[in-house]
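Take a look at the structure set out below.
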Amino acid sequence: MSYCVSYGKDKVMFLTKEDLKGPSSIDLPKSEEPSGFLLPNGEINWGCPCLGSAAIGPCSVEFRESVSCFHKSEADPKGSDCLQEFRDMNDCMDRYPELFERKEKSDKAALQSLDEEEEKEVVDSIKGQQASNSATVSESVPPTK
Numbered sequence: 001m002s003y004c005v006s007y008g009k010d011k012v013m014f015l016t017k018e019d020l021k022g023p024s025s026i027d028l029p030k031s032e033e034p035s036g037f038l039l040p041n042g043e044i045n046w047g048c049p050c051l052g053s054a055a056i057g058p059c060s061v062e063f064r065e066s067v068s069c070f071h072k073s074e075a076d077p078k079g080s081d082c083l084q085e086f087r088d089m090n091d092c093m094d095r096y097p098e099l100f101e102r103k104e105k106s107d108k109a110a111l112q113s114l115d116e117e118e119e120k121e122v123v124d125s126i127k128g129q130q131a132s133n134s135a136t137v138s139e140s141v142p143p144t145k
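For the sequence shown, UniProt numbering begins at 1 and goes up steadily by one.
Encoded structure:
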């Protein structure tokens with residue numbers, strides 16, 4: 001004999017071999033919450049599990065500002081106009097090392113050592129690399145008919 005036991009929000013069903021012989025008659029409710037990073041209207045889904053706890057942790061404001069800036073960025077390369085937002089997020093994460101483990105200590109030093117002129121040089125360098133990469137790709141790809 002099959003039966004069901006509730007544990008808070010969860011239900012555990014115990015089925016017999018006879019119950020499992022036929023097709024399932026259980027209909028699961030459709031999830032009404034949108035999944036994925038972007039909502040259908042193009043806005044960021046801050047409830048997406050893909051963001052982990054960053055959108056709700058102690059640095060959530062800085063995280064949301066930097067991600068929003070990057071998402072809305074029309075600069076070339078994308079996000080190059082968001083360096084201050086990323087610095088603010090990085091500084092916040094440094095205040096909570098127990099929550100945000102650093103893989104490379106040199107990233108912070110490199111980011112903080114840039115002044116505005118060096119930032120411009122880095123951005124220009126990235127643009128140059130992208131241009132040369134796209135030229136190389138276009139030369140190596142045969143034209144389609």
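The beta carbon of each residue, even a glycine, is placed where N, CA and C say it ideally should be. Nothing here was measured: the structure is a model prediction, and the numbers come from that model.
Distance from the CA atom of Ser-80 to the CA atom of Phe-14, rounded to whole angstroms, is 56 Å.
Closest by C-alpha distance to Thr-16, out of Tyr-3, Gln-84, Glu-85, is Tyr-3.
Annotation for Phe-14: the continuous beta strand (DSSP E) segment containing it runs 10-14.
Secondary structure at Leu-99: coil, using DSSP grouped into helix, strand and coil.
Around the beta carbon of Met-1, fewer than 16 other beta carbons lie within 10 angstroms, which makes this residue exposed. When only Cα atoms are considered, Met-93 and Ile-26 end up about 45 Å apart.
Taking C-alpha positions only, Tyr-96 is separated from Arg-87 by approximately 15 Å.
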